[in-house]
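Structure record follows, encoded as structure tokens.
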Amino acid sequence: MDKPYKIPESVLVVIHTADLQVLLIERADKQGYWQSVTGSLDAPDEPLLTTATRELFEETGIVADGETIVLRDWHLSNIYEIYPVWRHRYAPGVTQNTEHVFSVEVPRDIPILLSPREHVNHVWLPYLEAADKCFSPSNAEAVLLLPRHVTAQR
-12 MDKPYKIPES VLVVIHTADL QVLLIERADK QGYWQSVTGS LDAPDEPLLT TATRELFEET
48 GIVADGETIV LRDWHLSNIY EIYPVWRHRY APGVTQNTEH VFSVEVPRDI PILLSPREHV
108 NHVWLPYLEA ADKCFSPSNA EAVLLLPRHV TAQR
């Protein structure tokens, strides 16, 4: 059976520490492409928080338990052009994706367990350096907005 088309709606999860160190992961399919956790909804009616929780765990091994590790929905969405190299994953004619931004604060020493078929490396960087390293403009923008959202949480 053919793989179903990806749903053009996704989450972006910016993982950070209290002092705004940001975790970036390097894509396995594109060397040098660094990003935060991202992933598409599994079903059109999948709640965004469910998608963010699942993708966070699948890509890093981090469990958002809602108590010590809490995902924060920024209620911010970006619509962007899907890179041509990845358009074949979507239904014919689909060229845009809607991305919903989340963040999660974690301890700096939290173990990171990458999914090797998706990501090959990870790095912690101060948020400004992390933003510069992101290949995706919407990811870079979210990282730059991090101080504002962290301050609002406290």
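Residue numbering for the sequence shown follows the working numbering, beginning at -12 and increasing consecutively. Just so you know, even glycine gets a beta-carbon here, dropped at the ideal spot from N, CA and C.
In the DSSP assignment, the residues bridged to Ile66 are Thr85. Taking the Cα positions, Ala117 is about 23 Å away from Asn84. Within the segment 88 to 131, the runs of alpha helix (DSSP H) that reach at least 4 residues and sit entirely inside it are, in chain order, 114 to 120. If you check the CB distance, His87 and Val(-2) come in under 7 Å. Here DSSP, grouped into helix, strand and coil, assigns Leu28 to coil. Per DSSP, the unbroken alpha helix (DSSP H) holding Arg41 starts and ends at Leu35 to Thr47. Sixteen is the threshold: when 16 or more other Cβ atoms of the shown chains lie within 10 Å of the Cβ of Val91, as they do, the residue is buried.
Taking the Cα positions, Tyr20 is about 30 Å away from Asp32. Leaving aside the five residues that flank Thr40 on each side, the residues in its chain whose CB is nearer than 7 Å to its CB run, in chain order, Ala51 and Leu58. Going by beta carbons, Val1 and Ala129 fall inside the 7 Å limit. The shortest CA-to-CA distance from Thr47 to any of Pro134, Ser102 and Ser125 is the one to Ser102. Closest in C-alpha terms to Ser123, from the list Arg104, Gly80, Pro(-5) and Ile69, comes Ile69.
Spanning the alpha carbons of Glu54 and Val93 requires a straight line of approximately 12 Å.
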